[in-house]
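Asks:
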Amino acid sequence: MNESALTTISEYIAPNNTGENQETVKEIDNGSLITGGGKVQKEDYWDISTSEDSFSNETSELSTKVEKIFNDFWGKGIDLFEREGISEYFWTFPGLISIIPKVCNQIQYEFNFEAGILLKICEDREDPEDKFLKICVRYKKYDRDFLGKIKKVSATFQPYRNVETGWFLITTDFGS
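Start counting the sequence shown at 642; every next residue gets the next number (the working numbering).
1. Do you know how far the Cα of K790 is from the Cα of L703?
2. With a threshold of 6 Å on Cβ separation, who are the neighbours of V707 within its own chain once the five nearest residues in sequence on each side are excluded?
3. If we call anything under 8 Å between Cβ atoms a contact, is Y783 one with F815?
4. Taking Cβ positions, are L759 and R779 nearer each other than 8 Å?
5. Tell me whether N746 is buried or exposed, calling it buried when 16 or more other Cβ atoms sit within 10 Å of its Cβ.
6. Is F754 near F809, with beta carbons less than 8 Å apart?
7. D720 by DSSP, collapsed to three states: which one?
8. When you compare only the Cα positions, how much space is there between K717 and G757?
9. What residues in its chain sit with their C-beta under 8 Å from that of D870, if we drop five residues either side in the sequence?
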């Protein structure tokens, strides 16, 4: 197939072991996903075509991006507690729209796609105006490796936690 004949319609990001240099693939007209190594399964990739790091401030575009990411979360089995609060947080910190799917993808990969993920907005106990996004990992068995896996994902995304992009915390409530 001639590469110039392909029309890219979406981008996807692949999971990997290290959290570094995650592979991006493109979807072509016929719905196939292609990489340098050939075709891959679409279900194993996050759709990031609307999760660009830079985008305009237009209300409708941001609204579309937030709705798209919520649909992606739903499709991946990620629960949203108080969806409206999470939406407001994404509006306040739109940079998270490109980061949080990658964090969730890496969590799912670390736990062999068996962990539950819950997103929730939390308030700082000392300052209720100070909010952050809590990414709660729930697993069927809490073994010795559990917290190590959370720490590994957390360390991978540490550089993305700041005042400009918004704060997020990867943790657990030991629920199932």
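Glycine included, each C-beta is placed from N, C-alpha and C at the ideal position.
Replies: Checking against the coordinates, here is how it stands:
1. Taking the straight line joining both Cα atoms gives about 32 Å.
2. S728 and F731, listed in sequence order.
3. Contact flag set, yes.
4. R779 is positioned such that its CB atom lies closer than 8 Å to that of L759.
5. Within a 10 Å sphere around the beta-carbon of N746 sit 16 or more other beta-carbons, which makes this residue buried.
6. Against a cut-off of 8 Å, the Cβ pair of F809 and F754 comes out as no contact.
7. The three-state secondary structure of D720, taken from DSSP, is strand.
8. Roughly 10 Å between the two C-alpha positions.
9. There is simply no residue 870 to check, as the chain begins at 642 and stops at 817 in what is shown.
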